[in-house]
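Enquirer: If you scroll down you'll find the structure; I have some questions about it.
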Amino acid sequence: MNAGRLDRRLQFQRATLSDDGFGSVEVFASHGSPVWASKKDVSDAERWRAGEVSAIISARFVLRSSAFSRGLTPNDRLVCDGVTYEISGIKEIARRQWIEITASARADR
0 MNAGRLDRRL QFQRATLSDD GFGSVEVFAS HGSPVWASKK DVSDAERWRA
50 GEVSAIISAR FVLRSSAFSR GLTPNDRLVC DGVTYEISGI KEIARRQWIE
100 ITASARADR
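Just so we're aligned, residue 0 is where the sequence shown starts under numbering that gives the first Met the number 0, counting upward by one.
Now the structure itself:
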């Protein structure tokens, strides 16, 4: 991986519980500072569920390994170019030099 390919800014979000008066709700807020990453789209799909058509985009993001990036979990999510992605997988690449995140977003929202 070449640092020159880190051409996208990612903002991670972490869920916190908030009381809305009727019960607890998950509210996502920014988690940490934005980080540079590379992005590669890996697939797109259309699905029919209960009469609803949805379009899903899957992508892989690679970012530098750090204490912050190693603390990310699939419960977090990320925002890239205004699109919110749900994280489905996180793995280490090249002996703690890079982190690869697989995530998907609904393209029809």
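Backbone N, C-alpha and C define an ideal beta-carbon position, used for all residues, glycine too.
No experiment lies behind these values; they were computed from the predicted model shown.
If Ile89 sits next to Leu71, beta carbons under 8 Å apart, how far is it from one beta carbon to the other, in whole angstroms?
Expert: 6 Å
Enquirer: Per DSSP, what kind of secondary structure is Arg94 in: helix, strand or coil?
Expert: Reduced to three states, the DSSP call for Arg94 is coil.
Enquirer: Can you list, in chain order, the residues of its chain with a C-beta nearer than 6 Å to that of Trp35? Leave out the 5 residues immediately preceding and following it.
Expert: Closer than 6 Å at the Cβ level, and outside the excluded window around Trp35, lie Leu5.
Enquirer: Note down, one range per segment and in chain order, each beta strand (DSSP E) of at least 3 residues found wholly within the segment 57-106.
Expert: 76-79, 82-92, 97-105
Enquirer: Looking at Ser32 and Val61, is the spacing between their C-beta atoms short of 7 Å?
Expert: At least 7 Å separates the beta-carbon of Val61 from that of Ser32.
Enquirer: On the CB-based measure, 16 or more other CB atoms within 10 Å of its CB, does Ala54 come out buried or exposed?
Expert: exposed
Enquirer: With C-beta atoms as the reference, is Pro73 less than 7 Å away from Ile86?
Expert: yes
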